[in-house]
Each structure stands twice: as structure tokens, then as C-alpha cells.
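Protein chains in written order, with the numbering used here: chain A, 131 to 371; chain B, 131 to 371.
What follows is one structure encoded as C-alpha cells, with my remarks underneath.
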DNA sequence: AATATATTTCTTGTCGACACATAAAATACA
DNA sequence: TGTATTTTATGTGTCGACAAGAAATATATT
């Protein structure tokens, strides 16, 4: 399972790793792998193993793990190994609540504070998303979707909302990944339309409409995740009969 | 200025510091000092100096600083000394906005989800606050105020809101500290009354009232900070004439 | 004298090693 | 056979040291 993952991220021989690139590469790589579920939720993360894998000392690994712990992507058990943060289904209601609120607030603020340049950048992600849908590249869809909404939050220019929202979007990315097998071809089109309306409202500086669409969009996503979970339950439930 | 601060946090000789208490003591102490403005915003934080001061290696100091950086209390300049996060007045509008929203959301949720035990604990902080007001202990007032609202957020039981709110409350603590000289004796009583109404609404599970009081309370605090800043400007403005 | 270059200094980023704490394994005991 | 205790093993927490990078100082050059 992790046999081939060893050594594939080792710096190429002869490369000169700049001072301080150790932590960032470890952090970025691990974050990506956690979000894409290449590292399974709950699985242990061995510092020593990572240090050999990344070809660096344990110190930068350690610092990267602390950052990941602060992002909520990893849980540190004192004196014992740290593990990839589990997907806690009991906390899903909190997640839905916060996600919906942040969708609304960031989209509202974007409609208020956007610059023209930011609208252009948001539209770029929207076309990227459309391409991913056309290509049926689910992985890319999930990633671009995250960037799309993150860009909207940035146009809102509230540092606190941006950080929380990014975190929620990452968590959502893990959830969607977890259930991406049940993705059917209908839903992406709904998202695409909602995104379009959202961009238009932001461009028109129509705060109330932006708010309404954001709420609608959030509800849509929450319903989707919930339906995934129901489907999942049904599969496991078969055994009981 | 920092002459007497050296060595006052060194572990007593002969004490056996448990494994892992290094980072937490450094983290807690530094956090406290930053929030109380004993460490001035923008001032450099030297790892080596701290390691001698706390009587431990640079490694745990480093890890504590990374955590503080993630809390936004410290800014790390690559290959350069890290500094205590400056109070950025340009970001105050964002801060007001987020603080108000979090006041409302957490108080709403507390009214919805509180247990009886939590109401008791919230009331405890309320009486502590009253005592601090009676004793005119501004420092304690600011600290207890933070715990009071943090406890309300905890009663709301949304992890994401709790974390963001705690961070905002800490930032607010620094701001209040910065201007605490202008504290007059009228305002604390207003807060006390509002807190009382807030607890009653939470106890009665009256979500709408809780929301209204929270907004009112947030506006009150924002106005206070703003008036402080206006007074501050006026002082500096005199030079221009 | 002013600018450009070399040197020194100082702090961070990284390393390898060691000691401690916890879990798992092995043993003793009822 | 099941439970309590000791032993081993594995991985973390901490340390001291070294090297790289940037600012500050000194030196050289026009």
C-alpha cells in the first residue's frame, strides 16, 4: 500500500534545496496527499519514515506536521505517533453550519468589495471548472471548485473569513473525495449553473442575490454529501438482513 | 525594558519538567505575554534568547513559535527573526465584521445547544467579571471577559466557530490592552448588564433575543475601540497645528 | 567623499544523536 | 486459562552543534 509511495518525493540528486524549502515541500506534499486521501484518515504518520522518504532530517518534518496539526489535517497524540485527522461524522452538522455561513458571508463580501481584476480571475476558474466537467475529470473538478470559492473569498478581503473558509473547503474536499465514486454526471452541471449565477451577482455587486445563491449552493452541497452518506449506509446495511 | 524579564520564567532548579511540557510552557507563556502586550507588537523575538530564558533547547522554542505563527500572534520572516504580530489598523474593519458575526453565531448556537452545566459555568465567569469590575482590576476584566464569551462559544459546540472566535477574542484582548489607559469606569457596567441579558437569553433558549443582544454587545465593543482610536488620533493630530 | 566590494557577525534552518514514554510482547502467577 | 507484572521495542521529545543566509561593518577603488 505504501511500498511504492516511498522515495517518489525524494529530491533529485544534485538538486540544491534552498534553505527553508524543506518544511514547505514536506508540508505541501503531505497536505496534498491528505486532501486526496492518498493518506487515509486515521492512518499513522511516522516522522522517521517521512524523514527518510523526503531525504531530510526529522526537524523540518516535525515543523510541517505542527502546521498540519494547526490546519486540523493531522492529530498529534502526545508521545505517540501523529495520525491523519479522521473524518468525524459526528461533527458533520457543525461543518454544514459553518460551511453554509462562510459561503454566504464570503460571497456577500465579494459582491461588495470585488475589483474588476478579481472578477476576471474568478471567471477563469469558472471556465477551468467547465473544462473539467466536460473532460469528466472528477479530481480536477474538486480541486478547481475549491480554488473558485477561495478566490471569491479573497475578493471579499476579510482575512479571518478567508482562513476559516479555506479550511472548510479543504475538509469538504476530503469528504467529496471520500464519496467521489458515487458522483453521477447530473450534479456537476447544477454546480456549473449556480457558479455562473454567483459570478454574475458578484460582478453586478448585487449583495442580496449573491447571498441567496450562496445559500442555495451550500444547501445543494450539503444535500449531496448527505445523500452520499445515506447511500453508504445502505450498502453497509445490507449485511444486517 | 526587557532586562528584568530575563530569567523570570526559568524552571526552578531541581524541578523535573515532564516530556512535552517544554513547548506548552513556552507557548503559553509567550502567548500570555503577547496578549498582555508585555511583548510589543512588531518587536523581534529571538530564539536563542528565549532558549536561555526558558532554560531549554531551541527546538521546543521553535515549535512554540510555529504554533504562535499559526495563531496569528507572531510573524515569521524567512531566514530572519520572527516578530510579534503588529496591530494592523487597516484590517480593523475586517476584524469588526468577523467579531460581530461570531458574537452573533456563537450566542445563537449557545441558546440552542447549551446544557444546564454550561449555563452554570457561564454564570461563574459572569460573577468573576463582576468582581473584577468591583475591584477595578482592568487586566482581570479583559481576561475574564474573554473566557466568558469563549465559554458561550463552547456551549454552542461548533468547533470551527470556537476556534475562530477564540482567535478574534485574543486579538481583541490585545487591542483593549493597547487602549486600556482610556478605560473609564462607566463602560464596564454596560458590559456587565449586557452579559447578564445574554446569559438569561441563553438560559431561556431564546435564540432571537440572544442574537439581538449579541449584535448589540458587539456594536458596543466596536464603538468603544473606535472611540479609543479617535482619541488616539486626536492626540497625535495636535502636532500638526 | 561616495560608491562598490569584501568581511564579519549574528540568527536561523538543518542535522545526527540520545533519553524518555508509551505500547506491545513476554513472562510470572493465580 | 485468564490476569497481573516485567521486559523489550519503537518512535517521540529534546539537545548541542554546524552551516547557510542576510544584515552590519569594514575595506578598497574611482
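We put the beta carbon where it would ideally sit given N, CA and C, even for glycine.
Quick caveat, the model's predicted, so the values are computed rather than measured.
Report task. Using only alpha-carbon positions, find the residue among 186(A), 284(A), 201(A) and 295(A) that is nearest to residue 247(A). Result -> Taking only the C-alpha atoms, the option nearest residue 247(A) is 284(A).
**Report entry** Residue from 271(A), 181(A) and 308(A) whose Cα sits closest to the Cα of residue 361(A)
**Finding:** Ranking 271(A), 181(A) and 308(A) by Cα distance to residue 361(A) puts 308(A) first.
Requested in this report: Taking a Cβ distance cut-off of 9 angstroms, strictly less, list which residues of the stretch 176-205 of chain A are near chain B, in chain order.
Outcome: Residues passing the 9 angstroms Cβ filter: 189, 192, 193, 196, 197, 199, 200, 201 and 202.
Requested in this report: State the Cα-Cα distance for the pair residue 299(A) and residue 356(A), rounded to the nearest angstrom.
Outcome: Computed Cα separation, rounded: 16 angstroms.
Report task. Say whether chain B places a C-beta atom closer than 7 angstroms to the C-beta of residue 238(A). Result -> Residue 238(A) does not count as touching chain B.
Report task. Under 7 angstroms between beta-carbons, which chain A residues line up against residue 231(B)? List them in chain order, please. Result -> Within chain A, the residues whose beta carbon sits less than 7 angstroms from that of residue 231(B) are 235, listed in sequence order.
Query - Cβ-Cβ distance between residue 352(A) and residue 226(A) below 7 angstroms - result: Contact: yes.
Report task. Answer yes or no: do residue 259(A) and residue 344(A) have a C-beta to C-beta separation smaller than 7 angstroms? Result -> Contact annotation: residue 259(A) and residue 344(A) have beta-carbon atoms that are not nearer than 7 angstroms.
Query raised in the report: Where does residue 182(A) fall in DSSP's three states?
Result: Of the three classes helix, strand and coil, the one that applies to residue 182(A) here is helix, per DSSP.
Query raised in the report: What number of angstroms, rounded off, separates the C-alpha of residue 289(A) from the C-alpha of residue 203(A)?
Result: One alpha carbon belongs to residue 289(A), the other to residue 203(A), and they sit about 20 angstroms apart.
Requested in this report: To the nearest angstrom, report how far apart residue 162(A) and residue 342(A) are at their CA atoms.
Outcome: Taking the CA atoms as reference points, residue 162(A) sits about 32 angstroms from residue 342(A).
Report task. Scan the stretch 236-304 of chain A and note each continuous beta strand (DSSP E) run of 3 residues or more that stays entirely inside, going in chain order. Result -> The stretch 236-304 of chain A contains no complete beta strand (DSSP E) run of 3 or more residues.
Query raised in the report: Apart from the five residues just before and just after residue 306(B), which ones in its own chain have a Cβ nearer than 7 angstroms to its Cβ?
Result: Apart from the 5 residues on each side of it in sequence, residue 306(B) sits with its Cβ closer than 7 angstroms to the Cβ of 272 in its chain, given in chain order.
Query raised in the report: Of all the options 279(B), 310(B) and 287(B), which has the alpha carbon lying nearest to the alpha carbon of residue 296(B)?
Result: 279(B) is the residue among 279(B), 310(B) and 287(B) whose C-alpha sits nearest the C-alpha of residue 296(B).
**Report entry** For residue 206(A), the three-state DSSP class (helix, strand or coil)
**Finding:** In the structure shown, residue 206(A) falls within a coil segment according to DSSP collapsed to helix, strand and coil.
Requested in this report: Could you tell me the distance, in whole angstroms, from the CA atom of residue 199(A) to the CA atom of residue 206(A)?
Outcome: In this structure, the straight-line span from the alpha carbon of residue 199(A) to that of residue 206(A) is close to 7 angstroms.
Query raised in the report: Who does residue 174(B) pair with in a DSSP beta bridge?
Result: DSSP lists 213(B) as the bridge partner or partners of residue 174(B).
Report task. Check the Cβ of residue 289(B) against every Cβ in chain A and list those closer than 8 angstroms, keeping chain order. Result -> Ordered by position in chain A, the residues that pass the 8 angstroms Cβ test against residue 289(B) are 221 and 224.
Requested in this report: Report the neighbours of residue 149(A) on chain B: residues whose CB is nearer than 8 angstroms to its CB, in chain order.
Outcome: The contacting residues are 209.
Query raised in the report: Using a C-beta cutoff of 7 angstroms, does residue 360(B) count as contacting chain A?
Result: So no, residue 360(B) is outside the interface.
Query raised in the report: Would residue 134(A) count as contacting chain B if we go by Cβ distances under 7 angstroms?
Result: Note that residue 134(A) scores 36 on pLDDT, short of 50, meaning its location in the model is unreliable; the coordinates nonetheless yield the value given after this. Cβ-Cβ to chain B under 7 angstroms: no for residue 134(A).
**Report entry** Cα-Cα separation, residue 156(A) to residue 347(B)
**Finding:** Each residue's alpha carbon lies about 44 angstroms from the other.
Query - Rounded separation between residue 221(A) and residue 291(B) - CA only - result: For residue 221(A) and residue 291(B), the distance between alpha carbons rounds to 12 angstroms.
Query raised in the report: According to the Cβ coordinates, are residue 332(A) and residue 241(A) closer than 7 angstroms?
Result: Taking 7 angstroms as the Cβ cut-off, residue 332(A) and residue 241(A) qualify as a contacting pair.
Report task. Would you mind stating whether residue 322(A) and residue 286(A) have Cβ atoms separated by less than 7 angstroms? Result -> No; because the gap between Cβ atoms is not below 7 angstroms, this pair is not in contact.
Query raised in the report: For the candidate residues 189(B), 213(B), 167(B) and 255(B), whose alpha-carbon lies nearest to that of residue 326(B)?
Result: Considering only 189(B), 213(B), 167(B) and 255(B), the residue with the shortest C-alpha distance to residue 326(B) is 255(B).
Query raised in the report: Roughly how many angstroms separate the alpha carbons of residue 135(A) and residue 328(B), rounded to a whole number?
Result: Caution applies to residue 135(A), whose pLDDT of 37 falls short of 50 and renders its modelled position unreliable; the model cannot decide the point.
Report task. Give the residues of chain B in contact with residue 228(A), contact being defined as C-beta atoms less than 8 angstroms apart. Result -> Per Cβ cutoff of 8 angstroms: 288, 290 and 291.
Report task. Please say whether residue 196(A) and residue 193(B) have beta carbons closer to each other than 7 angstroms? Result -> A distance below 7 angstroms separates the beta carbons of residue 193(B) and residue 196(A).
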